[in-house]
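To keep things clear, I will list the structure first and then write my remarks on it.
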Amino acid sequence: MERKNRGFASSLTSALTGAKPDDPPRPSAQPTRDLLATRSNRLAELATGASVAKTQYQVDPAKCRMWAHHNRDYAALDFERCKDLIESIKAQGKQEVPAIVRRVAGDPAVEFEVICGARRHWSVSWLREHNYPNIRFLVEVRDLTDEEAFRVADLENRAREDLTDYERARDYLRALGTYYGGVQKDMAERLNVTPSWLSRYLDLARLPGEIVAAFASPHELRIKHVTQLKPLLKPPAKYALVEQRAQALAAARIGAAADGGGGGKPLAAADVIRQLAAAYKGPQKVRIADAAAGSHETIMDSRGKPIMTVHKPRRGEGVSLTLIPDGKGNRAEVVAAFERLLARYWPE
Numbered sequence: 001m002e003r004k005n006r007g008f009a010s011s012l013t014s015a016l017t018g019a020k021p022d023d024p025p026r027p028s029a030q031p032t033r034d035l036l037a038t039r040s041n042r043l044a045e046l047a048t049g050a051s052v053a054k055t056q057y058q059v060d061p062a063k064c065r066m067w068a069h070h071n072r073d074y075a076a077l078d079f080e081r082c083k084d085l086i087e088s089i090k091a092q093g094k095q096e097v098p099a100i101v102r103r104v105a106g107d108p109a110v111e112f113e114v115i116c117g118a119r120r121h122w123s124v125s126w127l128r129e130h131n132y133p134n135i136r137f138l139v140e141v142r143d144l145t146d147e148e149a150f151r152v153a154d155l156e157n158r159a160r161e162d163l164t165d166y167e168r169a170r171d172y173l174r175a176l177g178t179y180y181g182g183v184q185k186d187m188a189e190r191l192n193v194t195p196s197w198l199s200r201y202l203d204l205a206r207l208p209g210e211i212v213a214a215f216a217s218p219h220e221l222r223i224k225h226v227t228q229l230k231p232l233l234k235p236p237a238k239y240a241l242v243e244q245r246a247q248a249l250a251a252a253r254i255g256a257a258a259d260g261g262g263g264g265k266p267l268a269a270a271d272v273i274r275q276l277a278a279a280y281k282g283p284q285k286v287r288i289a290d291a292a293a294g295s296h297e298t299i300m301d302s303r304g305k306p307i308m309t310v311h312k313p314r315r316g317e318g319v320s321l322t323l324i325p326d327g328k329g330n331r332a333e334v335v336a337a338f339e340r341l342l343a344r345y346w347p348e
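Going by full-length UniProt numbering, the first residue of the sequence shown is number 1, and it counts up by one from there.
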């Protein structure tokens with residue numbers, strides 16, 4: 001038996017060192033018992049939980065589905081967003097970093113649920129459909145609760161620049177109610193972040209839909225924009241002006257897209273915020289007084305362009321309006337300004 005053990009150890013050592021079984025031992029080679037002791041220590045670590053064995057598989061991506069609460073917008077992925085990863089997989093001939101998944105029960109068409117690795121899944125699927133059918137989806141299987149899956153996904157993706165702030169913010173807002181009973185302090189402790197850091201993301205996720213729709217894509221919204229947009233939400237009378245401008249921006253973008261993009265490129269996020277902030281201030285009035293002719297005021301739109309002049313004679317109650325169309329103004333703002341003047345001079 002001892003001879004057999006020596007033979008087993010010799011074969012194992014040969015496999016690790018590349019030496020043939022009959023080669024003389026190298027001066028620097030460790031005794032066989034050290035190798036067996038290392039193997040025993042490894043088994044002991046696994047048994048006691050000091051070390052965790054990771055189970056990885058190469059699978060067909062079609063046998064995987066996205067977790068319903070995955071923090072990435074899978075539908076928004078395309079070749080441009082995954083190009084760098086696709087080129088890396090092509091160069092290596094395989095996926096290097098495994099996606100984190102858990103097993104699915106009761107669905108014969110699906111084996112795994114992807115917790116982390118939407119871009120990897122999309123990229124491998126794309127490659128298999130574009131002349132690389134032998135590339136497989138590398139996964140690491142874990143046994144996770146939903147709350148654990150959320151935290152694992154957050155830790156892996158927190159430092160990734162390809163996951164947008166808005167995607168992360170929406171994920172945090174959903175998790176707040178689902179796992180932490182709406183208590184931000186408890187959630188911040190579990191994520192090991194400060195409450196103020198978490199609060200900014202939650203504020204981003206809570207922006208009204210009308211505001212989000214004003215941007216070319218919700219993924220353009222960044223955490224830095226929260227401090228610029230949040231003050232525009234109150235009071236209600238002021239926010240009504242902001243909402244009106246946001247709806248006009250969204251309508252203009254949709255109209256330009258329907259016309260084949262004839263309106264040029266969509267506004268950048270900074271330009272959208274400037275327009276919303278200008279609407280919050282409301283139409284600017286420039287009052288000019290004249291002792292003989294009375295006075296008049298010019299009403300400006302949210303961009304600072306004049307849209308109408310109000311003439312008020314020195315004597316009498318009559319008021320006249322002069323529209324100043326230039327073909328580039330916003331008709332909705334003209335109508336809104338007229339309604340405010342009507343309420344001032346002709347109250348119900």
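Glycine is no exception: its CB is placed at the ideal position from the N, C-alpha and C atoms. Because the structure is a prediction, the values reported are computed rather than measured.
Once DSSP output is grouped into helix, strand and coil, what is the label at residue i?
i: I211; result: helix
i: A99; result: strand
i: V139; result: strand
i: Y179; result: helix
i: Y132; result: coil
i: E113; result: strand
i: T227; result: helix
i: G72; result: According to the sequence displayed, residue 72 carries Arg and not Gly. Reduced to three states, the DSSP call for R72 is coil.
i: R200; result: helix
i: L173; result: helix
i: W126; result: helix
i: A105; result: coil
i: N157; result: helix
i: V193; result: coil
i: R206; result: coil
i: K234; result: coil
i: G93; result: coil
i: K281; result: helix
Closest to residue i by C-alpha separation, out of the options, would be which residue?
i: R190; options: A205, Y239, Y172, P347; result: Y172
i: K54; options: P98, F79, M66, N330; result: P98
i: G209; options: Q247, A149, Q228; result: Q247
i: K63; options: A214, Q56, D107; result: D107
i: L276; options: V141, V242, Y57, R102; result: V242
i: A214; options: F112, P236, F137, L249; result: L249
i: H219; options: A76, G282, P61; result: A76
i: T322; options: L207, T309, A237; result: T309
i: A118; options: A188, D162, K185; result: D162
i: V212; options: R103, Y132, R245, D143; result: R245
i: V139; options: A169, E339, K265, P61; result: P61
i: F79; options: H121, R206, A332; result: H121
i: K238; options: L202, P325, E113, G282; result: G282
i: E147; options: E348, R174, R206, Y201; result: R174
i: R206; options: Y179, Y180, V272, D165; result: D165
i: R102; options: P231, T178, D143; result: D143
i: R170; options: H69, A270, M187; result: H69
i: S196; options: D154, V334, V226; result: V226
On the DSSP bridge list, what partners appear for residue i?
i: S320; result: H311
i: Y57; result: V139
i: C82; result: Paired residues: none, contrary to the question.
i: R65; result: E113
By how many angstroms is the C-alpha of residue j removed from the C-alpha of residue i?
i: R274; j: R253; result: 16 Å
i: D73; j: E167; result: 7 Å
i: L342; j: T298; result: 15 Å
i: N71; j: A216; result: 21 Å
i: residue 350; j: A240; result: Residue numbering for the chain in the displayed model covers 1 to 348; residue 350 lies beyond these limits and cannot be assessed.
i: N330; j: A336; result: 10 Å
i: M300; j: Q228; result: 23 Å
i: A105; j: E111; result: 7 Å
i: L233; j: E156; result: 33 Å
i: K185; j: C82; result: 35 Å
i: A109; j: N192; result: 37 Å
i: Q58; j: N134; result: 11 Å
i: V128; j: A256; result: In the sequence as displayed, the identity of residue 128 is Arg instead of Val. Taking the straight line from one Cα to the other gives about 36 Å.
i: K224; j: L176; result: 21 Å
i: A268; j: Q56; result: 43 Å
i: A149; j: T194; result: 21 Å
i: I100; j: W67; result: 11 Å
i: V319; j: A251; result: 33 Å
i: K312; j: A332; result: 24 Å
i: E113; j: T145; result: 12 Å
i: R200; j: N131; result: 44 Å
i: G181; j: P231; result: 27 Å
i: R158; j: Y345; result: 56 Å
i: D84; j: A188; result: 33 Å
Assuming residue i and residue j make a contact with CB atoms under 8 Å, what is their CB distance in whole Å?
i: V141; j: I115; result: Not a contact, Cβ separation roughly 10 Å.
i: L204; j: L221; result: 6 Å
i: Q92; j: F137; result: Their Cβ separation, rounded to whole angstroms, is 14 Å, which puts Q92 and F137 out of contact at 8 Å.
i: I86; j: S125; result: Actually they are not in contact, since the Cβ atoms of I86 and S125 sit about 10 Å apart, beyond 8 Å.
i: I324; j: P306; result: 5 Å
Under 8 Å, Cβ to Cβ, is there at least one residue of chain D near residue i?
i: M187; result: Reference to chain D is not applicable here, since this structure consists of a single protein chain.
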